[in-house]
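In this note's numbering, the protein residues as written are 203 to 428.
1. Between which two residues does the alpha helix (DSSP H) harbouring residue 243 extend?
2. When you compare each of 288, 247, 352 to residue 234 by their alpha carbons, which one comes out closest?
3. In chain order, which continuous runs of the beta strand (DSSP E) of length 3 or greater are located wholly inside the region 297-376?
4. When you compare the CB positions of residue 209 and residue 395, do they come within less than 8 Å of one another, or not?
5. Helix or strand or just coil, what does DSSP make of residue 390?
6. In chain order, what residues of the same chain have a beta carbon less than 6 Å from the beta carbon of residue 365, not counting five sequence neighbours either side?
7. Where does the unbroken alpha helix (DSSP H) through residue 275 begin, and where does it stop?
8. How is residue 292 classed by DSSP in three states: helix, strand or coil?
9. I'd like to check one pair, residue 323 with residue 266: are the Cβ atoms closer than 8 Å?
10. Out of 275, 391, 300, 399, point me to the one whose CA is closest to residue 348's CA.
11. Where residue 290 and residue 321 are concerned, what is the direct C-alpha to C-alpha distance, given to the nearest angstrom?
12. Are the beta-carbon atoms belonging to residue 249 and residue 303 less than 8 Å from one another?
13. Whose C-beta lies closer than 8 Å to the C-beta of residue 333 among residues of the same chain, with five residues either side of it excluded?
14. So what's residue 426 in DSSP terms, helix, strand or just coil?
15. For residue 206, count the other beta carbons within 10 Å of its own beta carbon; 16 or more makes it buried, fewer makes it exposed. Which is it?
16. Does the pairing of the region 278-289 with the region 313-320 give three or more beta-carbon distances under 8 Å?
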């Protein structure tokens, strides 16, 4: 359970960071090509950034919530959900008059950091009888390390080479995916999971080859078809 909790948290965080890097790096041109109005881009992009950062916290919490439910900590999960809702509403009441619509996204982001990112990992680590530092290092450390190439590439694209066309945007998105996928394969996935994926792929390939060479037979005459 310890291994699966750490691994699942790590994998979901990797997906969340990748999505956040894509949205933060390419969000402005994406909104521009989609809606075509500069004023909407300026209003929407900060909200997209804050929600992308909130996703980095929220998505891994799915694995933590599942682990907590599996060990019977349903009461804690329920209380955490209620607290999250209350804090979100209070923060939005505070931030919306100050910042307008971005205050909604800011309230969500702060709530995710304070309630979800702090409370849940600590409770799960104690429930699994793991040091909190060990759980955080095992689930967060490899993911952040594997994300560095994509983050650096994203910063270079954002500040140095903003895409001037949809084709350029697509090329940059694919480049970010490659920069992220290769380190993630070795750092986010452990050896057992990599072996399992490769084994499944080999079995699937062998099965496809066997199906491809099986001769087709006419059901009426029993003869092999060319």
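Just so you know, even glycine gets a beta-carbon here, dropped at the ideal spot from N, CA and C. None of the values given here were measured: they were computed from a predicted structure.
A quick look at the data gives this:
1. 240-272
2. 247
3. none
4. yes
5. coil
6. 231, 371, 374
7. From DSSP, residue 275 is part of no alpha helix (DSSP H); its letter is neither H nor E.
8. helix
9. yes
10. 391
11. 15 Å
12. yes
13. 327
14. Confidence at residue 426 is low in this model, with a pLDDT of 49, below 50, so its placement is unreliable and no value can be given for it.
15. exposed
16. yes
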